[in-house]
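Notes follow the structure.
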Amino acid sequence: MTLRSNLLGILAAALAVAGCGEPAAPRRSVANVLLVTVDTLRADHLSAWGYARPTSPVIDRLAAEGVRFDQAWAQWPKTGPSFASLFTATYPKDNGIVRRIGTPLPAGFLMLAEGLKRRGYATHAVVSNSAVGREFYFDQGFDTYVETWKLPPEPDGSANTAAVVNREVLATVAAMDRSRPFFLWVHYIDPHFPYRPPAEWLAPFLADGVYEPLAVLDVAGTPHRQMGGIGKNQLLDRRRDLGYYVAAYDAEIAYADHHIGRLLDELGSAGLMDNTLTVLTSDHGESLGDHNYYFDHGRFGFESCLHVPLVFYFPGRIEPRVDREPVELLSLAPTILQFAGVSLPDGAWMQARSLLPRLAGEAGDDEDGFSHAEAGYATEGRWQKIVRDQRYKLIFAPYSASQRYIGGRGRPYALYDLEADPGETVNLAESEPEIFARLKDELYAWWIRGSFDAEIDVDDVREEVEVSAETIEQLKALGYLQ
């Protein structure tokens with residue numbers, strides 16, 4: 047039996063318990079689901095998470111009127127692996143979407159959209175990052191899948207912006223079957239590097255009291271993202287001051303936030319928000335010189351790249367609150383499935399459990415208090431493994447070249463007190479042996495834990511795919527390919 051057929055059987059049984067057929071008869075009382083994801087959005091650059099700049103008034107409002115998960119983690123700080131985990135509820139170590147850039151999703155994995163489609167949902171997506179393109183099978187389960195980087199540039203020369211995403215979303219919505227509940231995934235690529243917000247959005251951030259032009263960056267001798275300096279091909283307008291790049295990143299957040307607000311207003315005017323659960327999050331954060339790592343993500347498992355926003359917003363159905371316990375993006379799929387009426391055994395699906403009890407302010411059944419993640423470049427082969435509890439975080443870095451930036455060369459473990467040392471600068475692995483041992487035991491237990499009692503057929507794992515010229519061009523522009 048393939049993994050896919052096994053999972054379909056499990057979901058079919060769950061749908062039968064939920065009282066629906068194959069597929070389910072549509073019921074308009076079932077809530078719609080709007081999933082909004084913003085690429086490369088670190089939580090600590092949002093006002094709702096305490097940032098000094100007013101980058102995110104719309105997201106702040108959603109966070110204030112919904113449930114804000116204060117300590118959400120991506121499972122890998124790269125777009126493809128992160129979304130693979132989010133949509134399949136499986137860890138990168140088990141789904142394999144880390145072998146190299148552009149590894150396609152195995153056909154055997156059941157995606158969130160497929161589960162919702164079997165529940166009777168119309169499923170649509172508008173995405174702007176080629177790392178989740180059709181070529182890599184992220185479109186599984188979607189009725190329509192719009193890839194905005196493949197569209198021609200706008201008359202002003204801009205392309206693939208939040209404004210373009212909104213236009214395509216509204217066109218998709220206009221063509222939707224209103225008799226069925228919908229699942230709509232909207233992915234904005236702002237604020238991914240290169241940080242080039244419209245000039246009118248950048249200007250206020252260069253004139254505020256936060257902007258500091260004095261920190262001068264070294265220019266690395268190679269074109270791409272480097273430790274200790276900015277890649278020579280990354281220079282924007284020949285600027286070398288760190289403050290400029292941070293301001294541009296923040297301006298892109300503000301630009302995306304504005305367009306999220308416009309989209310919600312348009313959907314509200316169309317009467318589509320009254321019965322809609324809105325979930326907002328990001329695939330990963332961004333290193334803005336943290337740990338001497340500039341304008342990139344993926345190489346390390348520091349908070350700048352793992353800590354992401356997570357908000358559930360549904361006025362009248364979800365009471366506003368802040369959840370300060372660790373949580374994984376892995377949990378989104380079972381949460382949304384259960385919210386849509388799928389009866390999951392013990393609230394679990396694949397390797398994750400539903401957050402519905404926590405949305406109600408209750409403790410979940412699996413409240414061990416740990417979150418897990420991985421990090422590293424695909425070329426390294428031996429990736430970092432990371433675990434955290436409410437306060438402490440342990441990174442295991444087996445690759446020697448990465449150790450010098452984490453615990454020190456020859457020291458594969460780094461333990462941080464996130465409460466006392468949020469910048470992760472003091473390694474406590476030797477000075478706190480009991481805490482170190484506890485997290486190390488959890489890390490190893492998680493690593494060897496099996497994911498499911500089935501195997502993927504060899505024919506289901508598609509290593510080679512034909513990639514369009516537009517996708518290759520965008521992957522190069524984003525720094526994924528050279």
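Going by this note's numbering, the first residue of the sequence shown is number 47, and it counts up by one from there.
No residue lacks a Cβ here, since even glycine has one placed at the ideal position from N, Cα and C.
With a cut-off of 8 Å on Cβ pairs, the region 100 to 119 is in contact with the region 344 to 358, counting three or more such pairs. Tyrosine 167 counts as buried, since no fewer than 16 other beta carbons sit within 10 angstroms of its beta carbon. A distance below 9 Å separates the beta carbons of leucine 81 and valine 232. Distance from the CA of phenylalanine 184 to the CA of glutamate 420, rounded to the nearest whole angstrom, comes to 21 Å. Between the beta-carbon of isoleucine 299 and that of histidine 91 there is about 6 Å, and that keeps the pair under the 8 Å contact cut. The distance from the Cβ of arginine 308 to that of asparagine 212 is about 6 Å, consistent with a contact at the 8 Å cut-off. The shortest C-alpha to C-alpha distance from glutamine 121 to any of Tyr295, Ile105, Asn141, Leu334 is the one to Asn141. Per DSSP, phenylalanine 416 has no beta-bridge partner at all.
In the three-state reduction of the DSSP assignment, arginine 284 falls in the coil class.
In this structure, the alpha-carbon of asparagine 175 lies about 8 Å from that of glutamate 193. Where valine 232 is concerned, there is no enclosing alpha helix (DSSP H), although the beta strand (DSSP E) around it starts and stops at 228 to 234. Taking every protein chain shown into account, the CB of serine 128 has 16 or more other CB atoms within 10 angstroms, so this residue is buried.
Alanine 316 sits in coil when the DSSP states are folded into three classes, being neither helix nor strand.
Methionine 273 and methionine 222 have their C-alpha atoms some 47 Å from each other.
The beta carbons of glycine 407 and serine 448 sit no closer together than 9 Å. Taking C-alpha positions only, valine 113 is separated from glutamate 371 by approximately 12 Å. Shown here for asparagine 473: same chain residues with a beta carbon closer than 6 Å to its own, the five before and five after excluded, namely Gly453, Ala460 in chain order.
Within its own chain, the residues whose Cβ lies closer than 6 Å to the Cβ of proline 259, once the five positions on either side in sequence are excluded, are Asp287, Gly289, listed in chain order. Inclusion of phenylalanine 228 and histidine 170 in the CB contact set at 9 Å is warranted, their separation being smaller than that value. Per DSSP, leucine 87 lies in no beta strand (DSSP E) segment and is marked neither H nor E.
If you check the CB distance, alanine 302 and alanine 208 come in under 9 Å. Looking at the backbone, the Cα of glycine 314 and that of valine 219 are separated by about 12 Å.
Per the DSSP secondary-structure output, phenylalanine 358 pairs in a beta bridge with Val113, Val325. Boundaries of the beta strand (DSSP E) around glutamate 371: 367 to 374. Under the 10 Å beta carbon count, valine 172 is surrounded by 16 or more other beta carbons and is classified as buried.
In this structure, the beta-carbon distance from aspartate 329 to threonine 125 falls below 9 Å.
Judged by DSSP in its simplified three-state form, glutamate 214 adopts helix.
For glutamate 478, no beta strand (DSSP E) encloses it, and the DSSP letter there is neither H nor E. The beta carbon of glutamate 488 sits closer than 7 Å to the beta carbons of Phe416, Val433 from its chain, once the five residues preceding and following it are set aside; these are given in chain order. Distance from the CA atom of isoleucine 306 to the CA atom of arginine 99, rounded to whole angstroms, is 18 Å. For leucine 248, same chain residues with a beta-carbon under 8 Å away, outside a window of 5 residues either side, are Ala293, Ala294, Ala297 in chain order.
When rounded, the separation of the alpha-carbon atoms in proline 366 and leucine 318 is 21 Å. A direct Cα-to-Cα measurement between leucine 401 and valine 357 gives close to 12 Å. Boundaries of the alpha helix (DSSP H) harbouring threonine 125: 125 to 134, taken from the DSSP string. By the criterion of a C-beta distance shorter than 6 Å, proline 237 is surrounded in its chain by Thr86, Tyr295, Glu298, Ile299, once the five residues flanking it on both sides are discounted. Measuring C-alpha to C-alpha distances from arginine 495 to each of Asp467, Ala398, Leu405 identifies Ala398 as the nearest.
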